[in-house]
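J.: Take a look at the following structure, please.
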Amino acid sequence: MSKVITSINNLDFTAADLTSMDKPGKIIMVRPTHFSIDYVINKHMEGNVGKADKALAMQQWEAVKSAFEDTGMEVHVIEGGEGLPDMVFCANQSLPFKNDDGDKEVIMSIMDSVHRKPEVSLIEKWYEDQEYQIHHLNYKKISRFEGMGDAIWHYGKKLLWGGYGFRTSLEAYHYISDTYKVPVIALKLEHPEFYHLDTCFCVLNETSVMIYPGAFEKKGLDLIRAFFDTIIEVPEDEAIGSFACNATCPDGSTVVIHPGAQKTNAQLKHEGFKVVEVPTGEFMKSGGSVFCMKMMAY
Ligand code: ARG
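Residue numbers (this note's numbering): 79 to 376.
Put into structure tokens, the structure is as follows:
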């Protein structure tokens with residue numbers, strides 16, 4: 079039975095009721111050999127077609143990879159597919175999970191844009207090799223789901239935060255909740271700059287989250303406030319200009335973030351987080367930064 083919560087009025091559990099989930103120890107990254115900006119499918123890409131510096135992008139990607147490795151995570155690299163300029167954003171094609179028996183499962187995405195659909199089977203191949211149980215969404219019932227770009231696990235807990243509105247439809251979360259037997263808190267996204275949940279919501283650890291409040295409805299903010307003790311609010315200029323919420327905190331204490339979000343960084347440090355700044359400017363021209371350049375897996 080699925081449980082998808084969209085308002086605090088139908089919430090029947092608290093943070094204290096959440097059960098534990100193994101933390102992912104692996105990070106998947108896709109080498110940006112074929113990265114470029116060839117089309118416009120989000121607001122950030124407007125005016126940037128043909129403007130990615132591929133050599134610089136490769137350097138930035140290597141630096142992000144090193145920053146992840148420095149946190150002790152094991153990084154697995156998948157080669158990018160020719161003609162798939164956005165495949166480097168590998169937060170989007172899947173949503174992995176580890177069940178109570180310790181088995182690895184994954185739900186594959188239905189990409190919203192026709193340009194990105196072929197990426198999914200290339201990523202699926204990695205999961206096959208790693209012996210995951212693979213689930214596919216029913217195309218007849220669900221039009222789109224963009225993986226961990228929109229569906230973000232509460233740190234170490236069986237609770238999924240699900241953004242919907244632009245790249246994922248609400249119905250997808252009923253299937254996911256049913257398949258993984260986890261509750262989903264669904265948050266509606268309304269601003270085109272914040273088209274994926276990972277552009278405005280970054281889980282840091284079990285009790286802390288970083289958000290851009292302007293991306294959410296009041297209903298969504300009430301739900302976020304009900305589950306996190308520490309909420310770092312990112313100002314609009316840093317959320318848009320530095321993609322500050324698209325940071326990643328793989329170990330619950332080190333935040334890898336694009337440089338320059340001074341107010342955000344000060345708050346992070348004040349809360350005891352270590353801030354590691356790595357430039358991702360070439361990828362930001364395409365609408366993504368640190369968080370969407372990787373997948374957390376098992
Ligand atoms: N150009 C890519 C797209 O629009 C960027 C994806 C960024 N991914 C993310 N999870 N925010 O699909």
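We put the CB at the ideal spot given by N, CA and C, even for glycine.
#1: Would the beta-carbon of Ile-156 be found less than 7 angstroms away from any heavy atom of the ligand ARG?
#2: Within 10 angstroms of the Cβ of Asn-87, are there 16 or more other Cβ atoms? Answer buried if so, exposed if not.
#3: What alpha helix (DSSP H) runs, 4 residues minimum, are completely inside the stretch 218-279?
#4: Do you know whose CA, among Ile-289, Glu-295, Ile-201 and Gly-234, lies nearest Leu-267's CA?
#5: Restricting to Cα atoms, I'd like to know which of Lys-176, Lys-182 and Pro-291 is closest to Arg-303.
#6: Rounded to a whole number of angstroms, what is the C-alpha to C-alpha distance between Cys-370 and Pro-110?
#7: Within this structure, are the beta carbons of Lys-129 and Ile-115 separated by less than 8 angstroms?
#8: Among Cys-327, Gly-180 and Ile-289, which one has its Cα closest to the Cα of Ser-98?
#9: Is any heavy atom in the ligand ARG found nearer than 7 angstroms to the beta carbon of Phe-167?
#10: In terms of residues, what are the limits of the alpha helix (DSSP H) holding Ala-304?
#11: So, for Glu-152: in the same chain, excluding its five sequence neighbours on each side, which residues have a beta-carbon less than 8 angstroms away from its beta-carbon?
#12: Quick check on Ile-310: does DSSP put it in helix, strand or coil?
#13: From Pro-357 to Met-79, what does the alpha carbon distance come to, in whole angstroms?
#14: Let me know the secondary structure DSSP gives Lys-343 once reduced to three states.
#15: Once you ignore the five residues that flank Glu-271 on each side, which residues in its own chain have a CB closer than 6 angstroms to its CB?
#16: So what does DSSP say about Val-142, is it helix, strand or coil?
#17: When you compare the CB positions of Val-333 and Leu-282, do they come within less than 8 angstroms of one another, or not?
#18: Decide if Ser-172 is buried, meaning its Cβ has at least 16 other Cβ atoms within 10 Å, or exposed.
#19: In this structure, what does DSSP give as the bridge partners for Ala-375?
#20: In the DSSP output, what is His-154 paired with across the bridge?
#21: Give a single yes or no on whether Ile-119 has its beta carbon closer than 7 angstroms to a heavy atom of the ligand ARG.
#22: Taking the C-alpha atoms as reference points, what is the distance between Tyr-251 and Gly-227?
#23: DSSP beta-bridge partners for Thr-285?
#24: Give the secondary structure of Met-186 by DSSP, where H, G and I count as helix, E and B as strand, and everything else as coil.
#25: If you follow the alpha helix (DSSP H) that Val-198 is part of, which residue opens it and which one closes it?
#26: Taking 7 angstroms as the cut-off, is the C-beta of Arg-222 nearer than that to any heavy atom in the ligand ARG?
#27: Tell me which residue opens and which closes the alpha helix (DSSP H) that Phe-361 is part of.
#28: Taking 7 angstroms as the cut-off, is the CB of Glu-274 close to at least one heavy atom of the ligand ARG?
#29: Run the proximity test for Asp-164: is its beta-carbon closer than 7 angstroms to any non-hydrogen atom belonging to the ligand ARG?
#30: Using 10 angstroms around the beta-carbon of Glu-124, count the other beta-carbons present and answer buried if the total reaches 16, otherwise exposed.
T.: Answer, in terms of the structure:
#1: Looking up residue 156 in the sequence shown gives position 78. The answer is no for Ile-156.
#2: Counting from one through the sequence shown, the residue named residue 87 turns up at place 9. Looking at its Cβ environment, which holds fewer than 16 other Cβ atoms inside 10 Å, Asn-87 is exposed.
#3: 248-258
#4: Start at 1 with the first residue of the sequence shown, and residue 267 comes out as number 189. Closest option to Leu-267, Cα to Cα, is Glu-295.
#5: The residue labelled residue 303 in the question sits at position 225 within the sequence shown. Nearest C-alpha to Arg-303: Pro-291.
#6: Within the sequence shown, residue 370 is the residue found at index 292, counting from 1. Within the sequence shown, residue 110 is the residue found at index 32, counting from 1. Going from the Cα of Cys-370 to the Cα of Pro-110 covers about 13 angstroms.
#7: Position 51 of the sequence shown, counted from the first residue, corresponds to residue 129. Position 37 of the sequence shown, counted from the first residue, corresponds to residue 115. Cβ distance < 8 angstroms, so Lys-129 and Ile-115 count as in contact.
#8: Indexing the sequence shown from 1 puts residue 98 at position 20. Of the candidates Cys-327, Gly-180 and Ile-289, the one whose C-alpha sits nearest the C-alpha of Ser-98 is Gly-180.
#9: Residue numbering aside, residue 167 sits at position 89 when the sequence shown is read from its first letter. It does: the Cβ of Phe-167 is within 7 angstroms (strictly closer) of some heavy atom of the ligand ARG.
#10: Position 226 of the sequence shown, counting from 1, holds the residue named residue 304. Taken as a continuous stretch (DSSP letters only), the alpha helix (DSSP H) holding Ala-304 covers 296-305.
#11: Taking the sequence shown and counting its residues from 1, the one referred to as residue 152 is at position 74. The answer, listed in chain order, is Gly-103, Lys-104 and Ile-105.
#12: Along the sequence shown, one-based indexing puts residue 310 at 232. In the structure shown, Ile-310 sits in a strand (DSSP, three-state: E or B).
#13: Residue mapping note: residue 357 aligns to position 279 of the sequence shown, counting from 1. Residue mapping note: residue 79 aligns to position 1 of the sequence shown, counting from 1. Roughly 43 angstroms separates the two Cα atoms.
#14: For the purposes of this step, residue 343 is taken as residue 265 along the sequence shown, with counting starting at 1. Looking at the sequence shown, residue 343 is not Lys but Asn. DSSP places Asn-343 in helix when its eight states are reduced to three.
#15: As a position in the sequence shown, residue 271 is number 193, starting the count at 1. Only Lys-121 and Ile-318 meet the Cβ criterion.
#16: Counting from one through the sequence shown, the residue named residue 142 turns up at place 64. Of the three classes helix, strand and coil, the one that applies to Val-142 here is helix, per DSSP.
#17: Locating residue 333 in the sequence shown gives position 255, where the first residue counts as 1. Locating residue 282 in the sequence shown gives position 204, where the first residue counts as 1. Cβ atoms of Val-333 and Leu-282: closer than 8 angstroms.
#18: Here residue 172 corresponds to residue number 94 of the sequence shown, with the count starting at 1. Burial call: buried.
#19: Position 297 of the sequence shown, counted from the start, is the residue given in the question as residue 375. Answer is Lys-104.
#20: In the sequence shown, residue 154 corresponds to position 76, counting from 1. Answer is Ile-106.
#21: Along the sequence shown, read from residue 1 onward, the residue named residue 119 stands at position 41. Checking every heavy atom of the ligand ARG against the Cβ of Ile-119, one is found closer than 7 angstroms.
#22: Taking the sequence shown and counting its residues from 1, one reaches residue 251 at position 173. Taking the sequence shown and counting its residues from 1, one reaches residue 227 at position 149. Rounded to whole angstroms, Tyr-251 to Gly-227 spans 14 angstroms at the Cα level.
#23: For this step, residue 285 is matched to residue 207 along the sequence shown. The partner list for Thr-285 (beta bridge, DSSP) is empty, contrary to what the question assumes.
#24: Translated into positions along the sequence shown, residue 186 becomes position 108. Strand, per DSSP.
#25: Counting from one through the sequence shown, the residue named residue 198 turns up at place 120. First-last of the alpha helix (DSSP H) with Val-198: 197-207.
#26: Working through the sequence shown from its first residue, we reach residue 222 at position 144. Answer for Arg-222: no, Cβ out of range of the ligand ARG.
#27: Position 283 of the sequence shown, counted from the first residue, corresponds to residue 361. 359-362 is the extent of the alpha helix (DSSP H) around Phe-361.
#28: The residue you call residue 274 lines up with position 196 of the sequence shown. Inspection of the sequence shows that residue 274 is occupied by His rather than by Glu. Correct: His-274 has its Cβ closer than 7 angstroms to the ligand ARG.
#29: Within the sequence shown, residue 164 is the residue found at index 86, counting from 1. Yes, since a heavy atom of the ligand ARG falls inside the 7 angstroms radius drawn around the Cβ of Asp-164.
#30: Walking along the sequence shown from the start, residue 124 turns up at place 46. That one is exposed.
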